[in-house]
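As structure tokens, the structure follows; a few thoughts come after it.
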Amino acid sequence: IIFFGADREKVVNDAIGALRVKIGHSEFGKKTGLFTAGWQPLWVVDFPMFEYDEEDGRYTAAHHPFTSPKDGHEDFL
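What follows is the structure in structure tokens.
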């Protein structure tokens, strides 16, 4: 299951947080095996800016090329 959120930070945090709590306390979570050993939720908050392209032998943008780096990470570019 993959969920995406896009809006103001507080709106996304509140919505995804409510979804997490709802799933965690629901019959859906129990019936679908979300509580069994081995299910490991993951919250990705910092997507990579670049990924290495083996075929071209260089780094390419992992998503939209005009996305800004995180504050403080400019020196890594």
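By our numbering, the letter at position 16 of the sequence shown is numbered 18, and the numbering carries on one by one without gaps. The C-beta atom is built at its ideal place from N, Cα and C for all residues, glycine as well. Keep in mind it's a predicted model, so treat the numbers as computed, not measured.
With DSSP as the reference, label residue i as helix, strand or coil.
i: residue 78; result: helix
i: residue 17; result: helix
i: residue 57; result: coil
Are the beta-carbon atoms belonging to residue i and residue j less than 8 Å from one another?
i: residue 49; j: residue 63; result: no
Would you kindly work out how many angstroms separate the C-alpha atoms of residue i and residue j, rounded to a whole number?
i: residue 44; j: residue 3; result: 11 Å
i: residue 24; j: residue 33; result: 14 Å
i: residue 22; j: residue 51; result: 27 Å
i: residue 6; j: residue 14; result: 9 Å
i: residue 79; j: residue 8; result: 26 Å
i: residue 57; j: residue 76; result: 26 Å
i: residue 10; j: residue 18; result: 12 Å
i: residue 31; j: residue 20; result: 14 Å
i: residue 55; j: residue 74; result: 25 Å
Shortest alpha-carbon distance to residue i belongs to which of the options?
i: residue 72; options: 47, 53 and 33; result: 47
i: residue 42; options: 10, 26, 11 and 12; result: 26
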